[in-house]
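Residue numbers (the working numbering): 11 to 1058.
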Amino acid sequence: MLNMLLIIKNICFDKEEITETVPLERSLNRIVAEDIHAEESIPSFATSIIDGYAVKKSDGKGIRVVKNVTTAEDKSIDKVLQSGEAKTISMGDPIPAEADAVVPLEDTSVVEYSIDGSEVIKVEIKRAPNYNENIRIIGSDVSKNSLVLKKGERIKHFSLGVLAMLGKTNILVYKRPSIGVISIGNYNCEPKEKLAPGKIRDANRFTLINLLKNYRYKSNDCGIAKDNPDAIKQALEQSFTRNDVIITNSSMGEVDMLKRVLVEDFQATIHFSRVNMKPGKYTTFATLMYNETWKMVFGITGNPFSCAITCVLFVIPALRLMEKSLYERFVPISVPPNSFNIRSLPYNNDDCLEYRLVKVNRTLTTAKEVPRIFIMPVQISFGILTGKYDSSYADKGNVLSSPKLIEEILKEFPSAEISAIKIVPDDLQEIKSTLTEWFDLKINVIFTTGNLPDMIFAMITSSLKIIPIAMLSRPLSGIRDNTMIVNLPGSPEMVSECFGIIKEALPRALELLTEQKKSVVSGHEAILSDSGASVVPTTSSSKVLLSGIRDNTMIVNLPGSPEMVSECLGIIKEALPRALELLTEQKKSVVSGHGAILSDSGASVVPTTSSSKVKLAPLRKYRYPIIDVEFASDCIKDVCSDKEVTTETVPLERSLNRIVAEDIHAEESIPSFPTSFIDGYAVKSSNGKGIRVVKNVATAGDKQPIDEVLQSGEAIRISMGEPIPAGADAVVPLEDTSVVEYSIDGSEVIKVKIKRAPNYNENIRIIGSDVSKNSLVLKKGERIKHFSLGVLAMLGKTNILVYKRPSIGVISIGNYICEPKEKLAPGKIRDANRFTLINLLKNYRYKSNDCGIAKDNPDAIKQALEQSFTCNDVIIISSAMGELDMLKRVLVEDFQATIHFCRIKMKPGKYTTFATLMYNETWKMVFGITGYPSSCAITCILFVIRALRLMEKSPYDGFVPISVPPNSFNIRPLPYNNDDCPEYRLVKVNRTLTGMTTAEDVSRLLSNLDKANGLLIIEPKKKYSSKDSNGDYLYSYNVILFHENYYQ
């Protein structure tokens, strides 16, 4: 097979390069025909990475006089910042002249407001900033004259954003070949036709057209041609007039007429017509000149599955080569035998390669690396803390109990991880310090054993929630957060005995420990919500408190035991007065200007009244709590799952990638009559071997010889896919026969010798072997793929009931962004995010409407939303989305929207916003996405794509991460994460999932976007406890592949 691919490659590469210029918006997935360099730097001016205050580093910390808010619109970029001054600045805004640092809001406090509270007059900088801190310098994304896209690279959705930002409105690309698809056969009919005897609806043509569409190639439907030389010649001539590449599908056996017509009528060169593989043995590849124009022809076998297999293996690489793609073919991934979830592993007794269509889960890796392939217990991490015995104990021959405990743990829980082991002396402070360290590592179970002093029990009792377990000889367990502490005896014998008692309960106990809290909280929330209370979960270290607010009343939930009530009250008593003050007083103080902005972002500002300047030290309190990624994803799922989804009926040819809204059953069997697997002779198996008299060739669609019964001693010449004549019950392949007698003119075989006795039903596809009558073909909620379309066409399903997709609008918000075609003015930057999002959605088969750019002020945002809501169900907004953004204020005040979340514990994408609202009695969904080009794409993939899939009832709404070991990276040092939230980085993953490249701070490097085909998830460093011999943490990584076809 590799030889055939080499033949195709040599022929396609020798052809002349033909280029064309296309508009930027139509260049997605095209191959660039020249190197593209940046004619200017991106950004062309220094911008802020965060919301905060632009300052001079040399001023250090202290009080600053605040100048007017910096925006690109007001030209304040030209105003020089003086010593002792600060300017309020938003994420992505230009840095004022002479400013060389941006201090985040959390490192400042307001000292003085104007009399009317509309402006901040003075602000305190709490720490000395560093030079260029939180500043994106000129050219940090793309430097001037740098190579952006290399000749031969494919333009992805990320690349489009970069090209838009560089003002590249027209792109020189290689011209794609025009493609035509023909079916050849006397027994084929259109899907809309009623089946006649000996006929079968054409599935292959629909499969091929939509398979090509799946790989972004448009093709022309050239219909069905009869299987005779004149009809084939006519069909080819008509197709050659408007197509460069012709894909034909027919029986393609030893005696098919296509090769004869190609050679005799078109003087074609047949490069190959038999490949040592199954299926697809008779795949044909030919080239020819027609009207002085070069043409390429593929002949593909008529079997529906081999039709698709050979198209993927040969046709797609040829098309990629013809448009000069650097990555033309697919690279196999090696999988071990234990990756299969079938009892009998597939094998191949033949002397050729065999290809089978399979369903592969999204992890693509071994079970050892990714437990998700098999149903396995959740991995539990254990820590063992052993008290050190004195020398007299050791002298008596006693041994430590920890080795025995490790043995018992791994015996009972093979997938368990022993995360920490330590022997500690009789010192309470060291014991306490060790336990605290292990709590931070989030170890699931900590066993204490050995000669631990009695004081440890007092320490655990006073600091943890105690649950007695009467079965243990020293019955004490403690729980802190999601860690369980179990005290075991000192001797190995007793450890083994006690562990045997509790081992069955451990998994369930941990499940309850992590999951039951959620159900308890949701139950309390339901009660409070029913009573009209607004539920506000607390963030205290006890994690058992739940508060509700109604009017000026606060409801606080406390535990049941007197001891725990006392402990919990001790925790919250300091905060209660301030909480009540905010609850009663904040409603009376509605602050405009800077105070209003902080209030919109969740910060609580409570100025007092005065006849002159107002001096404050306000408390920043976020109205919208920061949530985990998993919680945000679950929130989207809950909201989308509750919405009713309407259905619509679409024609079969427009149903690719849609979700079916009903179960689809087969109303007839496929095939509806027995057909032949091969080219050969139809015979009676009871005749055994010997000489047969040959009757006329069987062709479907003729009344003869289908209606004529095959007699004993006779044989009928038959081609692959054709109907079995009545009376025949076996097909003997040509290689097991020899011609005994020809007609006088040599045009027909009169007698043939069957060299071996055939078996009953040998090489016969029986009725219903592909699809049996009344069987379930597509289940409600499944996505229609190109293979499904072929089956539906064969069943005559011309109209399909599917779930209606939401209409999508994309808006950019900002005073400093402009269209790609505009010339850059000072303080302006071209809009990359809108182009990136529109084409990213297109990559996932979602059409969207370009709703343009809106200025960053409430009136403009409101107007843009109103216009978008009239024709879209989902609005995706790209803007700064920091602490000071106005979007949430407009959504809440003007549209009474519900903000489900607007801060996520992740980077990048912290300020991703998700809201829903009713507009003109119609439900709408809004996503606010941060303005960084890559985080814009990352959050769209993680949250928006999932929401869109849920809204059309897709059963697979999210992306499944693949676990990759550290040695998968071909960079050093390995990526790490010192923050307390997960970090997401765009990466380039090779096709065997064993090599990966990434870059530091990739969310801010625009030049990395077009190389990315995956998303690396780096968990916080504190989640890892294992270290290597050098003391470095042993990280594990997950990666999401967000291209369905990631050939590059």
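Virtual Cβ for every residue (Gly too), placed ideally from N, Cα, C.
Next item on the list: Pick out whichever of F924, Q439, Y292 has its Cα sitting closest to the Cα of D648.
Entry: F924
Notebook entry, point to check: If L1051 sits next to I972, beta carbons under 8 angstroms apart, how far is it from one beta carbon to the other, in whole angstroms?
Noted result: 7 angstroms
Margin query: Please return the same chain residues whose Cβ sits closer than 6 angstroms to the Cβ of S188, not counting the five positions on each side in sequence.
Written below: N253, D254
Notebook entry, point to check: Touching or not, the region 869 to 886 and the region 816 to 824, by the rule of three or more beta carbon pairs under 8 angstroms?
Noted result: yes
Check: If we ignore side chains and look at the alpha-carbon of each, how far apart do P992 and V113 end up?
Finding: 23 angstroms
Next item on the list: Tell me whether the beta-carbon of I394 lies closer than 7 angstroms to the beta-carbon of L415.
Entry: Taking C-beta atoms as the reference points, I394 and L415 count as a pair closer than 7 angstroms.
Item checked: Closest by C-alpha distance to E658, when choosing among N771, N809, N697 -> Ranking N771, N809, N697 by Cα distance to E658 puts N809 first.
Item checked: According to DSSP, residues forming a beta bridge with R211 -> C199
Notebook entry, point to check: Excluding the five sequence neighbours on either side, which residues of its own chain have a C-beta within less than 6 angstroms of the C-beta of K934, listed in chain order?
Noted result: F879, L927
Margin query: So, under 8 angstroms CB-CB, V130 and V42 are touching, yes? Tell me the CB distance rounded to an integer number of Å.
Written below: Their Cβ separation, rounded to whole angstroms, is 49 angstroms, which puts V130 and V42 out of contact at 8 angstroms.
Margin query: Excluding the 5 residues flanking Y365 on each side, which residues of the same chain have their C-beta closer than 6 angstroms to its C-beta?
Written below: I319
Notebook entry, point to check: Around the Cβ of V434, are there at least 16 other Cβ atoms within 10 angstroms (buried) or fewer (exposed)?
Noted result: buried
Check: Can you tell me whether DSSP reads Y986 as helix, strand or coil?
Finding: coil
Check: In the DSSP assignment, what are the bridge partners of K160?
Finding: Paired residue(s): none; K160 is not in a bridge.
Check: What are the boundary residues of the beta strand (DSSP E) that H973 is part of?
Finding: Checking the sequence, you will find Ser at residue 973 rather than His. In this chain, the beta strand (DSSP E) harbouring S973 covers 972 to 974.
Next item on the list: Compare the C-alpha of F449 against each of R490, T459, S51 and name the closest.
Entry: R490
Notebook entry, point to check: Can you check whether the CB of I234 is closer than 7 angstroms to the CB of S193?
Noted result: In contact: S193 and I234 (Cβ atoms closer than 7 angstroms).
Notebook entry, point to check: Would you call the CB atoms of H281 and L157 closer than 7 angstroms?
Noted result: no
Next item on the list: Using the DSSP secondary-structure output, state which residues sit across from I646 in a beta bridge.
Entry: Paired residues: none, contrary to the question.
Check: Can you tell me the Cα-Cα spacing of Y813 and K790, whole angstroms?
Finding: 10 angstroms
Note to self: For the pair the region 22 to 42 and the region 172 to 184, tell me if three or more CB-CB distances fall below 8 angstroms.
What the structure shows: With the rule of 3 Cβ pairs closer than 8 angstroms, the region 22 to 42 counts as touching the region 172 to 184.
Checklist line | A296 - containing beta strand (DSSP E), residue span | finding: 294 to 300
Check: Is the region 894 to 903 close to the region 845 to 856, with three or more CB pairs under 8 angstroms?
Finding: no
Check: Considering only residues of the same chain and omitting the five flanking positions on each side of A241, which have a CB-CB separation below 6 angstroms?
Finding: A235
Margin query: For N454 and I390, which I take to be in contact (beta-carbon distance under 8 angstroms), what is that distance rounded to the nearest angstrom?
Written below: Confirmed, about 5 angstroms.
Next item on the list: Decide if P33 is buried, meaning its Cβ has at least 16 other Cβ atoms within 10 Å, or exposed.
Entry: P33 should be labelled exposed.
Item checked: Local Cβ density within 10 Å of D260, reported as buried at 16 or more and exposed below that -> Note that residue 260 corresponds to Ser in the displayed sequence, not to Asp. By the 10 Å Cβ count, S260 comes out buried.
Check: Alpha carbon to alpha carbon, how far is V322 from A907?
Finding: 47 angstroms
Checklist line | Coil, strand or helix - G1110 by DSSP | finding: In the structure as shown, the chain starts at 11 and stops at 1058, and residue 1110 therefore has no counterpart that could be examined.
Note to self: Just list the residues that DSSP pairs R855 with in beta bridges.
What the structure shows: Partner(s): none; R855 has no beta bridge.
Notebook entry, point to check: At which residues does the alpha helix (DSSP H) containing F276 begin and terminate?
Noted result: 268 to 276
Next item on the list: Give the range of the beta strand (DSSP E) segment to which K442 is assigned.
Entry: From DSSP, K442 is part of no beta strand (DSSP E) but of the alpha helix (DSSP H) over 438 to 450.
Next item on the list: Quick one: residues in its chain with C-beta nearer than 6 angstroms to the C-beta of I636, no 5 flanking neighbours on either side, listed in chain order?
Entry: R913, K915
Item checked: Distance, H167 Cα to L996 Cα -> 13 angstroms
Note to self: Mapping the DSSP letters down to three states, classify I794 as helix, strand or coil.
What the structure shows: I794: coil per DSSP, three-state reduction.
Item checked: Length-filtered (4 minimum) alpha helix (DSSP H) runs lying within the region 862 to 917 -> 868 to 879, 897 to 905
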